[in-house]
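Protein chains in written order, with the numbering used here: chain A, 103 to 367; chain B, 103 to 367. Some notes on the structure that comes next.
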């Protein structure tokens, strides 16, 4: 048992979808969240820069004495996870492994579409992890860089969003996928729109919720879960504070966040 | 006469539209350009963070011994120009004054639409500067946060872009504007699409090209223009380098850029 806090970081507020999932599954865990809103987004930036930013995020959390770090950002996981795992002694858990496991939980999943930022797609992290685990799968990756800005603007139902999604999904649907993996923690908010466009026959797997189950399993194996009788706390730090981010934080968290602290890295 | 370099900075590569305009009008000037691509965009971030980033950008250029600094970013001009002008002894020139002068160059301009990032609109910098100079004008500001991502994706002609523009322009057109001010250095690339949607009766004023004229006037008055017999050089530094940024740099500059250097601030 370990009552230390879980450190969770993301490039911005999208990672709060992971916080919400962890709070639901592991309500006893104390969570320290860091969103690098001053430098968001990571998805369009270079691997070297993403590694540098992720390392600064991790160091901030280590300064808060966290027992483990969850990288709640697909782009950061794709480019920085092995580096962070080598660098630090505490467990560092990413979102990709969880997403891959969730895809493979269906033994019949064979034709997998992946939508993500350009950084995540270009890293080939998901393609590689999937190909290692099950042979003969067809993987259709698609960079969807405009979805994060659209979600941040809350244009979830706007006709332009549907048109952009239709453009992005066209090459994926042409391959008759059976599973669509949402490989970005911003995308869960698009699930209703996506499910309507894809039809019921395509299974949507979202890396945010599956990540919480993965964390529970990993911490359980390491005997690092918190005392189940306590009620976990949540503190949120952002590198840039604005009204817009507070509105978004509430939307991703599905409740009013605690007082948000401004953090200088 | 002063053959020192002009320092020009922007949050990313959009400011290269200003570089291009300055090179056309003042071909003898040496230019040192800095694009803060590691932290782009600025437009959605808080005034405090924008000022901090802008100050770091300016300090980098001062380290290159520039004779003057051009803030080729509307959001940075809106939130950081007075601060930078107080802080440093060399001339610091923004894009807003130039845009305002260009609007007022038409003595009949009375109904002015402004499109810009949320940061620029919320600063009220343009609204204030216009209201100071001509009484009785009607100003219709509209934050258009999705346009920078769309331009960066080069979706200039995509039906979704037209739909998004239509949504943004609707409240502006309802006010029967005679002038539309493009208050973001990314927007000049949208001029053909915008002119088609607005019709010929609405004048489009773009802050990038007008900025070059403003710089010429200011440096001329200060007797700081370069020897007109020399051929100016251009060096470009970006805080994050990626293929995507190189493609964009070429598009904004209308030619292949010189070798781009990666800069750590």
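Note that the Cβ used here is the ideal one computed from N, Cα and C, for glycine as well. Note that the structure is predicted; figures quoted are calculated from it, not measured.
Grab me the residues of residue i's own chain with a C-beta within less than 7 Å of its C-beta, minus the 5 sequence neighbours each way, in chain order.
i             : result
residue 155/A : 138, 141, 144
residue 270/B : 217, 244, 246
residue 329/A : 103, 105, 130
residue 204/A : 307, 312
residue 318/B : 127, 128
Please report whether the beta-carbon of residue i lies at a distance below 9 Å from any beta-carbon of chain B.
i             : result
residue 252/A : yes
residue 338/A : no
residue 260/A : yes
residue 269/A : yes
residue 151/A : yes
residue 354/A : no
residue 155/A : yes
Going along chain A in order, which residues have a C-beta closer than 7 Å to the C-beta of residue i?
i             : result
residue 255/B : 247, 248
Take residue i as the anchor and find which of the options has the nearest alpha-carbon.
i             : options                    : result
residue 195/B : 206/B, 146/B, 298/B, 321/B : 321/B
residue 216/B : 165/B, 189/B, 289/B, 209/B : 289/B
residue 114/B : 186/B, 211/B, 339/B, 265/B : 339/B
residue 221/A : 360/A, 285/A, 274/A        : 285/A
residue 112/A : 356/A, 162/A, 131/A        : 162/A
residue 125/A : 274/A, 357/A, 363/A        : 357/A
residue 241/B : 212/B, 250/B, 265/B        : 212/B
residue 247/A : 268/B, 304/B, 360/B, 255/B : 255/B
residue 326/A : 131/A, 301/A, 260/A, 344/A : 131/A
residue 306/B : 176/B, 280/B, 348/B        : 280/B
residue 214/B : 127/B, 273/B, 160/B, 348/B : 273/B
residue 346/A : 108/B, 134/B, 135/B, 149/B : 149/B
residue 309/A : 109/A, 121/A, 107/A        : 121/A
residue 304/A : 283/A, 342/A, 160/A, 226/A : 283/A
Examine chain A for any beta-carbon lying closer than 9 Å to the beta-carbon of residue i, and answer yes or no.
i             : result
residue 343/B : yes
residue 220/B : yes
residue 306/B : no
residue 147/B : yes
residue 287/B : no
residue 185/B : no
residue 177/B : no
For residue i, return the contacting residues in chain B, with the cut-off set at a CB-CB distance below 8 Å.
i             : result
residue 141/A : 140, 141
Residues of chain B with CB closer than 7 Å to the CB of residue i, please, in chain order.
i             : result
residue 266/A : 262
residue 295/A : None at all; the shortest Cβ gap to chain B is about 14 Å.
In its own chain, which residues sit with a C-beta less than 6 Å from the C-beta of residue i, not counting the 5 before and 5 after it?
i             : result
residue 179/A : 173, 196, 197, 198
residue 193/A : 170
residue 252/A : 263
residue 158/B : 367
residue 354/A : 115, 118, 119
residue 160/A : 171, 186
residue 364/A : 343
List the residues of chain A that residue i touches, going by C-beta distances under 8 Å, in chain order.
i             : result
residue 346/B : 146, 220
Tell me which residues share the same chain as residue i and place their Cβ nearer than 8 Å to its Cβ, disregarding the 5 neighbours each side in the sequence.
i             : result
residue 229/B : 216, 241, 243
residue 333/A : 129, 130
residue 206/A : 232, 235, 236
Answer yes or no: the CB of residue i versus the heavy atoms of the ligand FAD, is any distance below 8 Å?
i             : result
residue 129/A : The ligand FAD is not among the ligands present in this structure, which contains no ligands whatsoever.
Q.
Under 8 Å: do the region 261 to 276 of chain B and the region 291 to 305 of chain B share three or more Cβ pairs, one atom per stretch?
A. yes
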